[in-house]
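Enquirer: Residue numbers (this note's numbering), protein chains in the order written: chain A, 980 to 1222; chain B, 5 to 216.
Below you'll find the structure I mean.
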Amino acid sequence: MGHFDRTLELIDQLQHAGTAAAVCEKLLGVTSGFGLTALMAGTVPQPGTPRNRQKDHVLLCDWPAEWLERYVARNYVDHDPVVSHMKQLQAPFQWREASQGIRIGKSGGDVMGDAGEFKLRDGLAFPLITLDGQIVMVSLGGEAVELSGAEFGLVSLVSTYAIGRAMQLHTMAGKTIDHVELTPRERECLQWAAVGKSEWEISQILGISEHTSEKHLLNAKSKLGAVNRVQAVAEAIRRGYIN
Amino acid sequence: MLFSLTTQELMERPDLWEAVHRLRYRVFVEEMGWTDLQRPDGLEIDQFDHDEAVHQIVIRNGELAGYQRMLPTTRAHLLTDVLADLYEGTPPSGPNVYELTRYAVAPGFRDGRRGVSTVGTELIAGFVEWGLKRNVNQVIIEFEPMWVLRALQLHFLATPLGYQRTYGNQQVVATLLTFNEHTLDVVRSRRNHFAPVLARGYPDMLGQRRAS
Chain A
980 MGHFDRTLEL IDQLQHAGTA AAVCEKLLGV TSGFGLTALM AGTVPQPGTP RNRQKDHVLL
1040 CDWPAEWLER YVARNYVDHD PVVSHMKQLQ APFQWREASQ GIRIGKSGGD VMGDAGEFKL
1100 RDGLAFPLIT LDGQIVMVSL GGEAVELSGA EFGLVSLVST YAIGRAMQLH TMAGKTIDHV
1160 ELTPRERECL QWAAVGKSEW EISQILGISE HTSEKHLLNA KSKLGAVNRV QAVAEAIRRG
1220 YIN
Chain B
5 MLFSLTTQEL MERPDLWEAV HRLRYRVFVE EMGWTDLQRP DGLEIDQFDH DEAVHQIVIR
65 NGELAGYQRM LPTTRAHLLT DVLADLYEGT PPSGPNVYEL TRYAVAPGFR DGRRGVSTVG
125 TELIAGFVEW GLKRNVNQVI IEFEPMWVLR ALQLHFLATP LGYQRTYGNQ QVVATLLTFN
185 EHTLDVVRSR RNHFAPVLAR GYPDMLGQRR AS
């Protein structure tokens, strides 16, 4: 069987996988051939996302369980050089480039050192963009990672199918994805609404039109599934987006 | 509203015809840098604008906002004639398979930085509706790999037809998308717009806003 036929077969299996765990297993079955034995994929939480909401962003995860616990408990997502490199670059890269290319603060060094303890010494990461413009970050790691440009193409394509399948499973399970992505402006407007400012006042404070501040508040309201502004503010506080 | 016109019908409306080829030039030659298609008149026209091509047009506020072209796979099309290095084996063809080419959203209608605009999703809803009406359930698209995820999010069944290649500074992968009524439901609910988008007849003259 030709190389391409094998890829097709894998992608076909992925699209019929019934659970996120099965998707992970199929994908890692392909990538472990290149030394990539652990996987984490999800939308990137905005800095300051409360810890109890960070796991909602995960789509696929086959990382050592203890590492995930530590990652969340120590709020590593806000310091991880791989995550910040991704946000700047918005293109594929190898982990080692993230630690070489940019100056890592002490906290960033801790993250990478800690990852090494769990046999995650190198890896590759790449962004995918969803329909509504959210970035899904895919990060695959292992002890020693070697792959050519063409192999990288294969890994990223098969990963895309895996993430797509995971997202389908999510919607089919009727789970409305319970994490909400508010833009900085929406948060600002809510923050001011929470202290009783009107749309007009908010527009004056932020230097935007009244129509725009109204739009931000309406968007935030619908994202938070609220029926009115009071509930939107309450929901944003409960979720820790504003205080 | 999305209008689906044959090449003949498009040519009967010089204002639309010119707007279509000018938008294609703007997007594919000027933005994407497909220099092979350069022409002094600023119109992008190729050998596939033949009498069996179907031109799908989205009009907003009297302006051409989006465009895509559907080509039958029962005769020469881009994948077989121009992009032959994008497929392995035998590419799919038949009366139920069309090739979607020249998908373009006009610059003024691309809301949001990274997401797909409402004109973009109207084009998608449009070709699915159009296909289901005439027993077309598969389209071949040559697109950037990031579109694979979006297609899966909309519950298309996707199959790569070959390896991804680099053209200029773009990655391209030929993909077969299969769809059914369920796909249409998902596309419509993602758009939060459940009415059909496919309109009959011709749009009004460009530049004329319909009073509403």
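Heads up, the beta-carbon is just placed ideally off N, CA and C, and yes, glycines get one too.
Report the residue from B:59, B:7 and B:180 whose alpha carbon sits nearest the alpha carbon of residue 97 of chain B.
Expert: In the second sequence, residue 97 of chain B corresponds to position 93, counting from 1. Closest in alpha carbon position to residue 97 of chain B, among B:59, B:7 and B:180, is B:180.
Enquirer: Considering residue 75 of chain B, what are the terminal residues of the alpha helix (DSSP H) in which it resides?
Expert: The residue labelled residue 75 of chain B in the question sits at position 71 within the second sequence. No alpha helix (DSSP H) contains residue 75 of chain B, which is instead part of the beta strand (DSSP E) from 67-76.
Enquirer: Return the chain-ordered ranges of every beta strand (DSSP E) run that is complete within the region 77-123 of chain B and spans a minimum of 3 residues.
Expert: 101-109
Enquirer: Which residues in chain B have a C-beta closer than 8 Å to the C-beta of residue 983 of chain A? List them in chain order.
Expert: The residue labelled residue 983 of chain A in the question sits at position 4 within the first sequence. In chain order: 92, 93, 166 and 167.
Enquirer: Under the three-state reduction of DSSP, which class applies to residue 1095 of chain A: helix, strand or coil?
Expert: Counted from its first residue, the first sequence places residue 1095 of chain A at position 116. In the structure shown, the three-state DSSP call for residue 1095 of chain A is helix.
Enquirer: With distance defined between alpha-carbon atoms, name the residue in A:985, A:982 and A:1029 nearest to residue 1218 of chain A.
Expert: In the first sequence, counting from the first residue as 1, residue 1218 of chain A sits at position 239. Here the closest residue by C-alpha is A:1029.
Enquirer: Could you give the residue range of the beta strand (DSSP E) that holds residue 193 of chain B?
Expert: One-based indexing of the second sequence puts residue 193 of chain B at position 189. For residue 193 of chain B, there is no enclosing beta strand (DSSP E); the enclosing alpha helix (DSSP H) has its first and last residue at 185-195.
Enquirer: To test your reading of the DSSP string, which unbroken alpha helix (DSSP H) runs of 4 or more residues are found completely within the region 1158-1189 of chain A?
Expert: Runs of the alpha helix (DSSP H) inside the region 1158-1189 of chain A: 1163-1173 and 1178-1185.
Enquirer: Does residue 1012 of chain A get closer than 8 Å to chain B when you measure Cβ to Cβ?
Expert: Position 33 of the first sequence, counting from 1, holds the residue named residue 1012 of chain A. Answer no: the Cβ-Cβ gap between residue 1012 of chain A and chain B never drops below 8 Å.
Enquirer: Determine, using beta carbons only, whether residue 1137 of chain A and residue 990 of chain A come nearer to each other than 8 Å.
Expert: Along the first sequence, one-based indexing puts residue 1137 of chain A at 158. Along the first sequence, one-based indexing puts residue 990 of chain A at 11. Yes. Within cutoff.
Enquirer: Using Cβ-Cβ distances below 9 Å, what residues of the region 1093-1114 of chain A are close to chain B?
Expert: 1106, 1107, 1108, 1109, 1110, 1111, 1112, 1113 and 1114
Enquirer: Where does residue 31 of chain B fall in DSSP's three states?
Expert: Reading the second sequence from its first residue, position 27 is the one you call residue 31 of chain B. Here residue 31 of chain B sits in helix by DSSP.
Enquirer: Quick check on residue 145 of chain B: does DSSP put it in helix, strand or coil?
Expert: Counting from 1 along the second sequence, the entry for residue 145 of chain B is found at position 141. Strand.
Enquirer: Ignore the nearest five residues each way along the sequence and tell me which others in residue 993 of chain A's own chain have a CB closer than 8 Å to its CB.
Expert: Within the first sequence, residue 993 of chain A is the residue found at index 14, counting from 1. Correct list, in chain order: 1002, 1005, 1006, 1137, 1140, 1141 and 1144.
Enquirer: Inspect the beta-carbon positions of residue 191 of chain B and residue 125 of chain B and report whether they are closer than 8 Å.
Expert: Here residue 191 of chain B corresponds to residue number 187 of the second sequence, with the count starting at 1. Here residue 125 of chain B corresponds to residue number 121 of the second sequence, with the count starting at 1. Their beta carbons are under 8 Å apart, which means residue 191 of chain B touches residue 125 of chain B by this criterion.
Enquirer: Consider the Cβ of residue 118 of chain B: report whether some Cβ of chain A lies at a distance smaller than 8 Å.
Expert: On the second sequence, position 114 is the one that residue 118 of chain B refers to. So, interface residue.
Enquirer: Quick one, which residues of the region 142-172 of chain B are near chain A if we go by CB-CB under 8 Å, in chain order?
Expert: Going along the region 142-172 of chain B in chain order, one finds 149, 150, 152, 153, 154, 155, 156, 157, 158, 159, 161, 162, 163, 164, 166, 167 and 168 with a Cβ nearer than 8 Å to chain A.
Enquirer: Compare the C-alpha of residue 153 of chain B against each of A:1124, A:1188, A:1117 and A:1095 and name the closest.
Expert: Here residue 153 of chain B refers to the residue found at position 149 of the second sequence. Of the candidates A:1124, A:1188, A:1117 and A:1095, the one whose C-alpha sits nearest the C-alpha of residue 153 of chain B is A:1117.
Enquirer: Counting only Cβ-Cβ distances shorter than 9 Å, please list the residues of the region 1127-1143 of chain A near chain B, keeping chain order.
Expert: Residues passing the 9 Å Cβ filter: 1129, 1132, 1133, 1135, 1136, 1139, 1140, 1142 and 1143.
Enquirer: Considering Cα atoms alone, identify which of B:42, B:183, B:20 and B:166 is closest to residue 988 of chain A.
Expert: For the purposes of this step, residue 988 of chain A is taken as the residue at position 9 of the first sequence. Closest by alpha carbon: B:166.
Enquirer: Kindly indicate which residue of B:147, B:136, B:168 and B:49 has the alpha-carbon position closest to the one of residue 186 of chain B.
Expert: Here residue 186 of chain B refers to the residue found at position 182 of the second sequence. If we check each option's Cα against that of residue 186 of chain B, B:136 comes out closest.
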